[in-house]
Amino acid sequence: MIHFVGAGSGAADLITVRGMRLLEKADIIIYAGSLVNPRLLDYAGESCEIYNSAKMTLEQVLEVMTEGEKSGKTTVRLHTGDPSLYGAIREQMDVLDEKGISYDYCPGVSSFCGAASALNLEYTLPEISQSVIITRMAGRTPVPERESIESFAAHHATMVIFLSTGMLEELSQRLIAGGYCEDTPAAIVYKATWEDEKKFICTVGTLAQTARENQITKTALMIIGDVVKCTGYERSRLYDPGFSTEFRKAERKSGH
0 MIHFVGAGSG AADLITVRGM RLLEKADIII YAGSLVNPRL LDYAGESCEI
50 YNSAKMTLEQ VLEVMTEGEK SGKTTVRLHT GDPSLYGAIR EQMDVLDEKG
100 ISYDYCPGVS SFCGAASALN LEYTLPEISQ SVIITRMAGR TPVPERESIE
150 SFAAHHATMV IFLSTGMLEE LSQRLIAGGY CEDTPAAIVY KATWEDEKKF
200 ICTVGTLAQT ARENQITKTA LMIIGDVVKC TGYERSRLYD PGFSTEFRKA
250 ERKSGH
């Protein structure tokens, strides 16, 4: 059996209980060494075989999985954050399907959740933004033209931008071209929930300057939108005394 497991956003204790138990029972662990906190390997048993996929190709990863399955071993493929975001898991699953090898998937805490916790930030503030766009700049891996930064910026929703720290000058230009003002609130969160986490509040126009002044060149994500400043939002209707729900009757008229 192959278990795809989300390692969480960085801190070793942010893996799920299920993920931790799978690591404890694993005969083989293949972990994303460039991104996963190595302290998570402390959960592995003494006889567990451990492979660092940062030094492996897809074919080599699949070979370890296949050989482990032939030997009746349990394998954990440990991905950073939640594997459903930029985790390259589908290409692994497709080959396992072809080979008739069973697998499952244990979700993890994504770094976009870890970044929100670092800033004590809510992505969906009433009357400010009720949508979150998770995207990235095109680099060595392309992005479909219909998913350009400009097209998403036109919505003025909250944006969380992965894998783009080295392209912040261009990112700012494209956000502004799409409709954001230069003074739109923004944040850079470096290694969210790790021990050396750093966070910086800035604006769309000062993203590159902020990163440069603080020597941030990689392993960070950017948050764009008015939710970053956390002001001017409406109170939640759900907890308004004048708002009835299935569990509670209104005490008075809403807004009074």
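Okay, so the sequence shown: first residue is 0 according to numbering that gives the first Met the number 0, each after it adds one. Built from N, CA and C at the ideal position, the CB exists for glycine as well. Everything numeric in this text was worked out from a predicted model, so none of it was measured.
Asked: Which class does T164 belong to by DSSP, given the choice of helix, strand or coil?; Found: helix
Asked: Looking at D26 and G279, is the spacing between their C-beta atoms short of 8 Å?; Found: A question about residue 279 goes unanswered here, because the residues of the chain that appear run from 0 up to 255.
Asked: Are at least three pairs of beta-carbons, each pair with one atom in the segment 207-216 and one in the segment 94-102, less than 8 Å apart?; Found: no
Asked: What whole-angstrom Cβ distance do S52 and I29 have, given they're in contact under 8 Å?; Found: 5 Å
Asked: Compute the Euclidean distance between the alpha carbons of V16 and D81, then round it to the nearest angstrom.; Found: 14 Å
Asked: Quick one: any contact between the segment 169-181 and the segment 103-121, if contact means 3 or more CB pairs under 8 Å?; Found: no
Asked: Please determine whether the Cβ atom of D195 lies at a distance below 7 Å from any heavy atom of the ligand MG.; Found: Only the bare structure without any ligand can be found here, which leaves the ligand MG out of the picture.
Asked: How long is the line joining the alpha carbons of P37 and I14, rounded to whole angstroms?; Found: 12 Å
Asked: What's the C-alpha gap between L61 and A249?; Found: 57 Å
Asked: By DSSP, does D96 sit in helix, in strand, or in coil?; Found: helix
Asked: Quick check: the segment 166-173 against the segment 143-152, are there 3 or more CB pairs under 8 Å?; Found: yes
Asked: Taking just the CA atoms, how far does A43 sit from E257?; Found: Residue numbering for the chain in the displayed model covers 0 to 255; residue 257 lies beyond these limits and cannot be assessed.
Asked: Within a Cβ cutoff of 8 Å, which residues of the same chain sit near T65, ignoring the five residues on either side of it in sequence?; Found: K98, I100
Asked: Whole angstroms are fine: how far does the CA of L40 sit from the CA of K228?; Found: 38 Å
Asked: Grab the span of the alpha helix (DSSP H) containing V63 for me, first residue to last.; Found: 57-69
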